[in-house]
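Numbering (the UniProt record's numbering), first residue to last: 1 to 309.
Okay, structure first, notes after.
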């Protein structure tokens with residue numbers, strides 16, 4: 001639908017009985033968003049404050065948690081506003097921006113996990129070269145690439161879609177994602193091909209690299225002493241849990257889009273909520289409990305808060 005000011009709007013029709021449960025949805029998701037921001041920012045603050053956490057592994061963890069906050073902030077404020085609105089709509093331009101941030105932050109997660117797997121590989125398999133291979137300069141280059149590369153890849157199809165003609169203005173979702181392709185009058189083979197190349201470069205390739213590095217770590221740890229095996233398990237397990245968790249969530253996204261017509265509205269709504277809730281909530285819990293040094297500082301923080309109270 002188009003207004004008199006020549007602004008195109010998309011209807012978001014993935015909500016279930018919003019008139020009946022709007023305030024329940026609002027307060028539930030507001031609570032989740034506050035928990036996501038507070039928990040992630042707490043771990044990041046601890047890493048920034050404490051000098052013994054100024055190591056590549058913890059810097060990558062902080063970047064991953066910041067990425068989770070960015071991912072959530074791209075979705076939750078608009079979602080909360082929609083719960084209280086009579087009409088759930090978004091301008092086409094804002095929809096494309098949301099898609100860009102959603103998928104670039106999602107792919108950044110894979111690249112950050114790949115950088116973390118490389119850090120663990122060097123630490124366990126080449127400990128004598130660690131100081132050279134993981135200098136601060138290299139760490140910041142890897143961080144920059146993890147955020148810049150996905151944006152550079154995704155900006156091309158987003159600009160291409162901005163020029164595409166829409167034949168439908170109803171999106172079967174609660175926020176904008178690749179299901180917007182169903183709204184175009186005609187699909188572009190060039191954009192589709194570029195999208196597949198992008199998927200390979202910033203999702204599948206990092207995934208294969210992560211699998212390769214952890215396989216090497218597993219082989220080295222198996223042949224080494226108990227202390228090396230303990231170190232490998234202690235530092236690699238949280239990263240693997242996050243990788244498995246995020247891979248499942250992106251699989252959800254693909255299932256929802258590809259099998260859109262075969263999914264009930266309620267099932268699609270529940271799966272979408274899971275996709276935007278689990279990973280940002282689980283990341284600080286996994287790293288806060290499983291990483292020994294971070295857990296010590298979290299424990300001390302809560303002890304001080306409790307003592308002051």
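The beta carbon of each residue, even a glycine, is placed where N, CA and C say it ideally should be.
Computed from a predicted model, the values in this text were never measured in an experiment.
Check, Outcome
"Report the partner residues of residue 89 according to the DSSP bridge assignment.", "11"
"Could you have a look at residue 4 and say whether DSSP puts it in helix, strand or coil?", "Because the pLDDT at residue 4 is just 46, under 50, the model does not fix this residue reliably, and the value given afterwards should be weighed accordingly. Three-state DSSP puts residue 4 in coil, outside helix and strand."
"CB-CB under 6 Å to residue 1, same chain, minus the five flanking residues each way: which ones, in chain order?", "Model confidence at residue 1 stands at a pLDDT of 48, short of 50, so the residue's coordinates are unreliable; what they give is reported in the following sentence. Excluding residues within five positions, the ones whose Cβ falls inside 6 Å are 9 and 169."
"So for residue 184, helix, strand or coil by DSSP?", "strand"
"Are residue 74 and residue 108 touching if we call contact CB-CB under 8 Å?", "no"
"Measure from the alpha carbon of residue 283 to the alpha carbon of each residue in 252, 243, 292 and 270, then state which is nearest.", "243"
"Restricting to Cα atoms, I'd like to know which of 39, 199, 102 and 290 is closest to residue 175.", "102"
"Out of curiosity, what's the CA-to-CA distance linking residue 195 and residue 223?", "41 Å"
"Rounded to whole angstroms, what's the CA-CA distance from residue 114 to residue 20? Just pull it up for me.", "44 Å"
"Please identify the residue among 159, 105, 233 and 288 whose C-alpha is closest to the C-alpha of residue 343.", "No answer is possible for residue 343: the residues shown for the chain start at 1 and end at 309."
"So does the region 120-128 actually touch the region 77-96, counting three or more Cβ pairs closer than 8 Å?", "no"
"Just to confirm the assignment, what range does the alpha helix (DSSP H) spanning residue 16 have?", "Segment: none, residue 16 is in no alpha helix (DSSP H) and carries neither H nor E."
"Return the residue from the list 51, 29, 153 and 62 that minimises the CA-CA distance to residue 72.", "29"
"What does the alpha-carbon distance come out to for the pair residue 291 and residue 186?", "49 Å"
"Can you tell which of 231, 221 and 301 has its C-alpha closest to the C-alpha of residue 47?", "301"
"Which residue spans inside the region 212-282 form an unbroken alpha helix (DSSP H) run of at least 4?", "226-258"
"Between residue 45 and residue 70, is the Cβ-Cβ spacing less than 8 Å?", "no"
"Using a Cβ distance threshold of 8 Å, determine whether the region 81-89 contacts the region 135-148, with at least three qualifying pairs required.", "no"
"For residue 217 versus residue 232, is the C-beta distance shorter than 8 Å?", "yes"
"Curious, which full-length alpha helix (DSSP H) runs of at least 4 residues does the region 126-210 contain?", "130-133, 136-162 and 189-199"
"Label residue 129 either buried or exposed according to how many other C-beta atoms from any shown protein chain fall within 10 Å of its C-beta, with 16 as the threshold for buried.", "exposed"
"With distances taken from CA atoms, which of 173, 209 and 56 is nearest residue 135?", "56"
"Assign residue 161 to one of two classes, buried (16 or more other C-beta atoms within 10 Å of its C-beta) or exposed (fewer than that).", "buried"
"Smallest Cα separation from residue 40: which of 52, 24 and 62?", "62"
"Going by alpha carbons, who is nearest to residue 53 out of 287, 306 and 172?", "287"
"Since residue 278 contacts residue 240 with CB under 8 Å, what's their CB separation in whole angstroms?", "So it is not a contact: roughly 16 Å between Cβ atoms."
"Give me the Cα-Cα distance between residue 11 and residue 112, rounded to the nearest whole angstrom.", "34 Å"
"Please classify residue 100 as buried or exposed, where buried requires at least 16 neighbouring CB atoms within 10 angstroms.", "buried"
"Report yes if the C-beta distance between residue 59 and residue 156 is below 8 Å; otherwise report no.", "no"
"What is the DSSP secondary structure of residue 29, counted as helix, strand or coil?", "helix"
"Could you have a look at residue 50 and say whether DSSP puts it in helix, strand or coil?", "coil"
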